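Residue numbers (the working numbering): 70 to 166.
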């Protein structure tokens with residue numbers, strides 16, 4: 070069974086994290102657009118779903134043999150620890166208050 074370590078990161082792992090960050094930013098932008106359209110139409114916003122697995126991770130040699138649970142936990146941990154670069158979290162928390 071493969072092992073995914075937090076540090077040090079290889080070039081391939083860093084590339085995967087960069088791709089995941091890009092996907093995260095795109096998802097945030099898409100969710101904002103959907104919410105905006107739903108608000109304009111007066112409909113309830115649909116619940117967005119995250120795909121169970123991201124195919125790009127499996128194409129990387131360092132994670133080919135890793136278990137799905139390892140990849141999921143590593144990705145979730147990365148998203149939780151990722152900095153709020155676009156201030157999206159701050160904006161959403163202000164809207165909720």
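Positions of the beta carbon are idealized from the N, C-alpha and C atoms, including for glycine. From a predicted model like this one, the values you see are computed outputs, not experimental measurements.
>> Determine whether the beta carbon atoms of residue 82 and residue 129 lie at a separation below 9 Å.
In response: Taking the chain shown and counting its residues from 1, the one referred to as residue 82 is at position 13. Taking the chain shown and counting its residues from 1, the one referred to as residue 129 is at position 60. Contact: yes.
Residue 157 by DSSP, collapsed to three states: which one? Translated into the one-based positions of the chain shown, residue 157 becomes position 88. Helix, per DSSP.
Notebook entry, point to check: Taking residue 161 as the reference, which of 101, 79, 86, 90 has the closest Cα?
Noted result: Taking the chain shown and counting its residues from 1, one reaches residue 161 at position 92. Here the closest residue by C-alpha is 101.
Practice problem: Measure the CB-CB distance between residue 108 and residue 126 and report whether it falls below 9 Å. | Solution: Taking the first residue of the chain shown as position 1, residue 108 is located at position 39. Taking the first residue of the chain shown as position 1, residue 126 is located at position 57. No, these two residues do not count as a Cβ contact at 9 Å.
Looking at residue 90 and residue 135, is the spacing between their C-beta atoms short of 9 Å? Here residue 135 refers to the residue found at position 66 of the chain shown. Here residue 90 refers to the residue found at position 21 of the chain shown. No; because the gap between Cβ atoms is not below 9 Å, this pair is not in contact.
Check: The alpha helix (DSSP H) with residue 39 in it runs from where to where?
Finding: Given that the chain is displayed from residue 70 to residue 166, the structure contains no residue 39 and the question cannot be resolved.
Measuring only the C-alpha atoms, how far is residue 106 from residue 98?
Here residue 106 refers to the residue found at position 37 when the chain shown is read from its first residue. Here residue 98 refers to the residue found at position 29 when the chain shown is read from its first residue. If I take the Cα positions, the gap works out to 12 Å.
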